[in-house]
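Colleague: Pasting a structure here, questions to come.
Residue numbers (my numbering): 1163 to 1509.
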């Protein structure tokens, strides 16, 4: 059901009302929270002290989680933590939303309920971004469920796994599937990294690992974008040399059927190497993406603030910068320090 609105305090017996108003633009910040499988009919706001745009519980076709989006305004000042969100959510005994019922309008606070494939992280308007700028964090090279839990609990909303066999951080689809499950349970979305794989390999492994996004490196993978994009969500990778000059571009054959990718990720020439590029000389091209762009390449707790200040990306992607001494497992202290630097950034 798309865009049905349920006022708080109404009942199933209320008379129906046809609503034609467009949905409001998405808020600035989003996080995913697990939902008890027994309580999946409807979620609604129970606190009239919040603006309608503060919280948007959204049901998904994968009934293990909901997205809660918050616009950080004076009307909604609290942090987006699970305990705070649960304080303002209550589950109502309405019929399943698939019945397409609409209830009588009222002056009470309303919330929009949508059906989506799975919650995604979205940018708001330029005004909201300027009001409070907080980058999304993707932690990549995750090799175990334990590291995935640490990443999500530290605040990462995208959990990256390498499915390219030539990487020292490569994992099997079965391990990736378990990491995907754990990531979603802890409020994050799983991403699989592919390098020069063909369409069939990418889609088969994405399904086997239960991925939410596929991240495309290499010309062969990127050239398959038009086909892959019809089946799953895409993070498209651009590489920059040490001087900040782009080495590739977004594949676009000019067809009318072309659609923007979900995210663009700008990385150094060799992704996962821990090496960066010249941020001062880098110029972001016009990009076609639904949610913005992620900055990667040599980020760590000591330089992420400078990177954010210089380029103001929609999000940052860290891998080597949060690794332990063996370069594979993640270091919980480095994770926490990295997130602390991101969260302490002053726009």
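Even glycine gets a Cβ: it sits at the ideal position worked out from N, Cα and C.
(1) Residue 1396 and residue 1408: beta carbons closer than 8 Å?
(2) Leaving out five residues before and five after residue 1365 in sequence, what residues of the same chain have Cβ atoms less than 6 Å from its Cβ?
(3) Alpha carbon to alpha carbon, how far is residue 1507 from residue 1390?
(4) Thinking C-alpha only, which one of 1467, 1380, 1324, 1427 is nearest residue 1336?
(5) Compute the distance between the beta-carbons of residue 1490 and residue 1500, then report whether it is under 8 Å.
(6) Kindly indicate the opening and closing residues of the alpha helix (DSSP H) around residue 1343.
(7) Excluding five sequence neighbours on each side, which residues of the same chain lie with their C-beta closer than 8 Å to the C-beta of residue 1423?
(8) Among the residues of its own chain, which have a CB less than 6 Å from the CB of residue 1338, if the five just before and after it don't count?
(9) What's the gap between the Cα of residue 1348 and the Cα of residue 1304?
(10) By DSSP, does residue 1362 sit in helix, in strand, or in coil?
(11) Rounded to whole angstroms, what is the Cα-Cα separation between residue 1334 and residue 1482?
(12) With distances taken from CA atoms, which of 1381, 1346, 1385, 1402 is nearest residue 1375?
(13) Could you round the C-beta distance between residue 1475 and residue 1457 to whole angstroms and report it? I think they count as a contact, below 8 Å.
(14) For residue 1443, is the classification buried or exposed, using 16 other Cβ atoms within 10 angstroms of its Cβ as the cut-off for buried?
(15) Which one or two residues does DSSP pair with residue 1323 in a beta bridge?
(16) Nearest-angstrom Cα distance between residue 1306 and residue 1448?
(17) So, is residue 1429 buried or exposed, given that buried needs 16 or more other C-beta atoms within 10 angstroms?
(18) Starting from residue 1303, follow its DSSP beta bridges and name the residues at the other end.
(19) Can you tell which of 1496, 1368, 1493, 1477 has the C-alpha that lies nearest to the C-alpha of residue 1326?
(20) So what does DSSP say about residue 1473, is it helix, strand or coil?
(21) Residue 1500 lies in the alpha helix (DSSP H); which residues open and close that run?
(22) Could you give the first and the last residue of the continuous alpha helix (DSSP H) run that contains residue 1490?
(23) Distance check for residue 1431 and residue 1382, CA to CA, integer angstroms please.
(24) Considering only DSSP beta bridges, list what residue 1398 is partnered with.
(25) Is residue 1373 helix, strand or coil when you go by DSSP?
(26) Please name the residue, chosen from 1343, 1354, 1308, 1445, that lies closest to residue 1401 on a Cα-to-Cα basis.
(27) Are the beta-carbon atoms of residue 1316 and residue 1498 separated by less than 8 Å?
(28) Could you spell out the range, first to last residue, of the alpha helix (DSSP H) harbouring residue 1387?
(29) Shortest alpha-carbon distance to residue 1410 belongs to which of 1470, 1505, 1378, 1440?
(30) Comparing C-alpha positions only, which one of 1308, 1318, 1380 sits nearest to residue 1301?
(31) Since residue 1456 is in the beta strand (DSSP E), which residue starts that stretch and which ends it?
(32) Going by C-alpha to C-alpha distance, which of 1492, 1487, 1478, 1493 sits closest to residue 1503?
Modeller: So, from the listed chains and residues:
(1) no
(2) 1393
(3) Computed Cα separation, rounded: 36 Å.
(4) 1324
(5) no
(6) 1335-1347 is the extent of the alpha helix (DSSP H) around residue 1343.
(7) Same-chain partners within the cutoff: 1387, 1391, 1396, 1397, 1398, 1412, 1450, 1451, 1452.
(8) 1323, 1371
(9) 14 Å
(10) helix
(11) 20 Å
(12) 1346
(13) 4 Å
(14) exposed
(15) DSSP, once it has assigned bridges, lists 1354 as partnering residue 1323.
(16) 36 Å
(17) Flag for residue 1429 reads buried.
(18) Its beta-bridge partners do not exist; DSSP assigns none.
(19) That would be 1368, whose Cα lies nearest to the Cα of residue 1326.
(20) helix
(21) 1494-1505
(22) Looking at the DSSP string, residue 1490 is not in any alpha helix (DSSP H), and its letter there is neither H nor E.
(23) 16 Å
(24) 1378, 1426
(25) coil
(26) 1445
(27) Contact flag set, yes.
(28) 1387-1390
(29) Measuring C-alpha to C-alpha distances from residue 1410 to each of 1470, 1505, 1378, 1440 identifies 1378 as the nearest.
(30) Residue 1318 is the option with its Cα nearest to residue 1301.
(31) First-last of the beta strand (DSSP E) with residue 1456: 1455-1457.
(32) 1478
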